[in-house]
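Trainee:
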Amino acid sequence: MLVGSSIIANAVMEDYNTLAHREEETIRLRAQAEAMVKAAQEGVEQLEREKAAFEKLKQTERWAASAGLEQVRTLAKLLSDECKLLKESCARENEKLFRVCQELNNLKAANAALVK
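Numbering (my numbering), first residue to last: 2 to 117.
1. Please report the straight-line C-alpha distance between residue 1 and residue 72, rounded to a whole angstrom.
2. Tell me the rounded alpha-carbon separation between residue 40 and residue 75.
3. For residue 53 and residue 63, what's the separation of their Cα atoms in angstroms?
Next comes the structure, spelled out in structure tokens:
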């Protein structure tokens with residue numbers, strides 16, 4: 002019976018050693034898994050921060066484009082108004098010059114009549 006209990010004791014010890022080895026392996030794998038989960042969470046957080054920064058930059062670019070477009074529209078309106086004023090001013094000057102030219106022609110005709 003001593004031989005039988007020795008075999009059983011050896012089997013129990015072998016099972017115990019196997020379980021201890023498996024437990025160590027489980028602990029090691031759990032630590033690796035936790036490290037991977039932590040790295041994944043940090044990656045997700047980093048991605049969210051970068052996404053938020055990108056959205057902020059994109060919004061800033063949109064605002065800058067909108068502001069630039071508004072500035073172009075304002076300048077176009079000012080240029081249009083200035084062009085209109087210039088045309089009106091030129092029309093007034095042309096009218097004055099036309100009158101002066103007519104008066105000059107009338108004076109030339111009067112001078113020619115007096116010279117004869």
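Yeah, the Cβ is synthetic: ideal placement off N, Cα and C, and Gly gets one too.
Mentor: Let me lay it out:
1. This structure cannot settle anything about residue 1, because the visible part of the chain is limited to 2 through 117.
2. 52 Å
3. 15 Å
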